[in-house]
Amino acid sequence: MALRNVVLPNEDPRQLLAIPKQEAKLYMSFMYVAFISLFIGGLMGLLQVLVRSGSFTLPFGIGYYQILTVHGVILALVLTTFFIIGFQFTLMSKTVGMSVKQRKVSWLAFWIMTIGTLVTAVTILLGKASVLYTFYAPLKAHPAFYIGLALVIVGTWVAAFVNWRQLYLWKKGHPGEKSPLLAFMVTINMIMWFIASLGVAAAVLVQFIPWSLGYAETINVLVSRTLFWYFGHPLVYFWLLPAYMAWYAIIPKIIGGKLFSDSLARLSFVLFLFFSIPVGFHHQLTEPGIDPTWKFIQVVLTFMVIIPSLMTAFSLFATFEITGRRKGYGGLFGWFKHLPWKDVRFFAPFVGMLAFIPGGAGGIINASHQVNTLVHNTIWVTGHFHLTVATTVILTFFGITYWLIPHLTGRKLTKSVNRLGIFQTIVWGVGMLIMSGAMHIQGLLGGPRRSAYSDYGGTEQAVSWGAYQMAQAIGGTILFVGIILMVYIFIKLTFFSPKGVEEFPVAEEEENAEPTPKWMENWKLWIAITIALILFAYTIPFVDIIQNSPPGSVPFDWPIGNS
Amino acid sequence: MKQNGKTYTNHEKEPNLKGTLLSVGALGLFIVISWTVVFAIFLSR
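Going line by line, the protein sequences match chains C and P. For the first sequence, counting from 1, position 430 maps to 430 in the UniProt record's numbering; every step adds exactly one. For the second sequence, counting from 1, position 10 maps to 10 in the UniProt record's numbering; every step adds exactly one.
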């Protein structure tokens with residue numbers, strides 16, 4: 001039986017729910033933390049590329065690994081998580097609404113996350129947690145670092161429960177109706193996040209905190225790394241899925257088109273839920289102690305993610321083509337011309353989409369066992385995730401910022417800010433092309449990641465990296481200019497743009513769209529399949545890891561870590 | 001298509017998605033070429 005295929009009130013943008021002022025304040029609070037993080041994390045990135053160029057030394061005894069940890073934690077964990085949780089709240093509020101009680105609980109989520117962030121950030125800035133954002137054991141940070149991170153995760157769980165409650169109440173009030181697409185997508189993302197973050201929470205609570213406090217003498221390194229990557233790969237999709245939400249359901253509206261297929265969008269999100277988690281071993285391909293058969297199985301599961309990724313690419317191209325042809329643009333690629341190149345709400349995410357082509361291809365390379373040995377732990381990997389998260393995801397988030405912030409603050413996206421935004425996007429694209437391109441090439445030449453500058457005793461191989469490290473410094477400097485521009489744009493949109501109403505763009509379905517099958521919302525089935533896949537991929541190798549572990553490691557808090 | 005006991009026929013013309021087909025094909029080709037190049041480097045070392 002199909003769900004009623006009617007135009008629901010919440011899918012008609014004219015009838016999208018209004019965001020009350022008190023709620024807007026909550027969502028803006030998430031955005032403030034996100035953009036402060038962007039500035040601090042970006043500054044650290046600038047310092048890193050300058051140090052690695054070999055022509056700059058950090059002043060005041062600041063350590064390279066200290067700024068590297070700030071950069072990773074504040075950008076990969078704090079900026080992304082605060083932006084995502086805040087953005088997702090706005091999507092839920094617009095489509096299914098938020099009660100006063102839910103708003104109060106959401107504030108609780110915000111404060112738990114913020115206190116956790118402050119505790120972690122201060123610990124790192126004091127040089128007590130230079131363990132990088134992956135905090136691999138046996139590097140030991142001050143316990144406050146782990147406690148702060150645990151608080152951030154607990155805060156996100158509170159947000160997840162609010163999101164689920166929002167959809168639950170909406171469905172109760174709309175029996176038999178399909179849930180709004182964006183609310184469906186947010187729910188999927190938070191289910192994935194919750195299941196995945198249980199792994200890192202277990203590592204932090206059971207292993208790291210007792211060990212760093214001295215209650216446990218040793219730590220099982222492989223278990224901690226396995227639990228981290230059980231979380232670490234879905235973390236990538238936790239960043240990416242909100243960008244996909246914008247690509248599927250918001251960009252079509254901005255370009256004057258309709259949703260390509262509600263069912264396809266939902267199915268791709270369900271597939272991401274299935275195949276994002278049971279795949280962490282592809283980050284551990286060079287790790288001894290994991291049975292190669294299970295590495296192979298998880299690589300196969302990783303490759304399954306290509307299916308929803310290409311479904312997304314197809315859907316986007318199709319949206320562009322159908323919209324263009326309707327506007328009268330003919331020929332094989334004539335539809336390309338119709339795209340609103342001068343609208344930053346489209347242009348910034350589009351550049352992000354472009355970056356995902358090499359980003360996705362690089363991901364497939366990373367996940368293939370043989371070629372992984374070529375790039376593992378090289379700066380290729382850094383170049384890869386600067387394309388995916390630091391270009392695809394972040395440019396889409398910037399694209400969202402241009403309409404979301406004025407929508408929340410009751411202001412307008414002016415022509416001048418739009419122009420500046422297009423310039424900012426170009427600056428970002430050029431900076432990243434230079435920096436990430438150089439990182440990829442240097443990685444193929446064997447240049448290591450995660451390391452401060454060294455000439456490695458003047459070896460020939462290290463000499464061959466010099467030009468690429470300089471290129472990274474140039475690209476990184478351009479990117480920092482991009483960050484300053486974006487922070488300026490954020491401040492302008494928040495406090496100084498003229499008062500007005502900025503649209504919250506949500507695409508509608510075609511009037512004659514095929515109805516979405518009811519089984520698409522069989523949450524119990526989706527969660528059961530997800531858990532079954534995780535149990536299949538992890539149970540036997542995890543038991544094997546625990547049963548055949550070498551002795552645990554005592555903590556190392558020197559030369560980096562907590563010294 | 002049968003739905004709720006009634007039969008509906010879709011008289012709408014299917015949209016022209018030739019550009020989409022070629023674009024996604026080109027994307028797939030880019031992935032295959034990138035992977036092959038890096039695999040060739042792996043084999044050569």
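Don't be surprised by glycine CBs; every beta carbon is placed ideally from N, CA and C.
query, result
"Neighbour-count burial assignment, PHE314/C, 16 or more Cβ in a 10 Å radius", "buried"
"Cβ pair SER436/C, GLY360/C closer than 8 Å", "no"
"Boundaries of the alpha helix (DSSP H) in which ASN19/P is found, first to last residue", "Per the sequence shown, the amino acid found at residue 19/P is Gly instead of Asn. Residues 18 to 44."
"8 Å Cβ cut-off: residues of chain P touching TRP335/C", "GLY19"
"Distance between ASN562/C and ARG419/C (C-alpha atoms, nearest Å)", "45 Å"
"Touch test, the stretch 120 to 135 of chain C against the stretch 61 to 78 of chain C, Cβ-Cβ under 8 Å, three pairs minimum", "yes"
"Proximal chain P residues relative to GLN370/C, where beta-carbon distance stays under 9 Å", "PHE39, PHE42 and LEU43"
"Cα-Cα separation between LEU22/P and GLY334/C, rounded to whole angstroms", "13 Å"
"Where LEU29/P meets chain C, residues with beta-carbon distance less than 7 Å", "Per Cβ cutoff of 7 Å: no residues; LEU29/P is ~10 Å from chain C at best."
"Inter-stretch contact at 8 Å, needing at least 3 Cβ pairs: the stretch 47 to 54 of chain C / the stretch 488 to 504 of chain C", "no"
"As assigned by DSSP and simplified to three states, the class of HIS460/C", "Reading off the sequence shown, one finds Glu at residue 460/C, where the question assumed His. If DSSP states are grouped into helix, strand and coil, GLU460/C belongs with the helices."
"Contact belief for GLY431/C with PRO349/C at Cβ below 8 Å, rounded distance in angstroms", "Contact doesn't hold; Cβ gap of about 17 Å is too wide."
"Between the CA atoms of PHE496/C and TYR488/C - distance to the nearest angstrom", "11 Å"
"Extent of the continuous alpha helix (DSSP H) to which ARG450/C belongs", "Taken as a continuous stretch (DSSP letters only), ARG450/C belongs to no alpha helix (DSSP H), as it is neither H nor E."
"Min CB distance LEU374/C to chain P below 8 Å", "yes"
"Member of ILE379/C, ALA513/C, ILE484/C and LEU479/C whose CA lies at the smallest distance from the CA of TYR453/C", "ILE379/C"
"Within-8 Å CB hit, ILE364/C to chain P", "yes"
"Among PRO138/C, TYR146/C, TYR27/C and LEU525/C, the one whose alpha carbon lies nearest that of VAL73/C", "TYR146/C"
"Contacts that LEU444/C makes with chain P (C-beta to C-beta distance below 9 Å)", "VAL38 and ILE41"
"Neighbour-count burial assignment, ALA367/C, 16 or more Cβ in a 10 Å radius", "buried"
"PRO517/C (DSSP reduced to helix, strand or coil)", "strand"
"Local conformation of ILE19/C per DSSP, three classes", "coil"
"Endpoints, the alpha helix (DSSP H) within which HIS338/C is located", "That residue, HIS338/C, is in no alpha helix (DSSP H); it is neither H nor E in DSSP."
"Interface flag, ALA462/C vs chain P, CB-CB below 8 Å", "no"
"DSSP-derived helix/strand/coil call for SER563/C", "coil"
"Test item: CB-CB of VAL393/C and TRP229/C under 8 Å", "no"
"Within chain P, partners of ILE357/C - CB distance below 8 Å", "LEU27 and PHE30"
"Same chain, Cβ closer than 7 Å to ALA160/C, neighbours up to 5 away in sequence not counted", "MET190, TRP193 and PHE194"
"Alpha-carbon spacing of MET28/C relative to VAL186/C, whole angstroms", "18 Å"
"Cβ-Cβ distance between ILE299/C and THR425/C below 8 Å", "A quick correction: the sequence has Val, not Ile, at residue 299/C. Not in contact: VAL299/C and THR425/C (Cβ atoms no closer than 8 Å)."
"Neighbour flag for ILE322/C against chain P, beta carbons, 8 Å", "yes"
"Cβ of GLY360/C within 8 Å of any chain P Cβ", "yes"
"When PRO505/C, VAL427/C and PRO358/C are compared against LEU16/C, the one with the closest alpha-carbon", "PRO505/C"
"Chain P residues whose Cβ lies nearer than 9 Å to that of LEU271/C", "The contacting residues do not exist; LEU271/C stays about 17 Å from chain P at best."
"Near-chain P residues of the stretch 290 to 323 of chain C (beta-carbon distance less than 7 Å), N- to C-terminal order", "LEU310, ALA313, PHE314, PHE317, ALA318, GLU321 and ILE322"
"Residue closest to GLN461/C, alpha-carbon to alpha-carbon, out of MET470/C, ALA471/C and GLY447/C", "GLY447/C"
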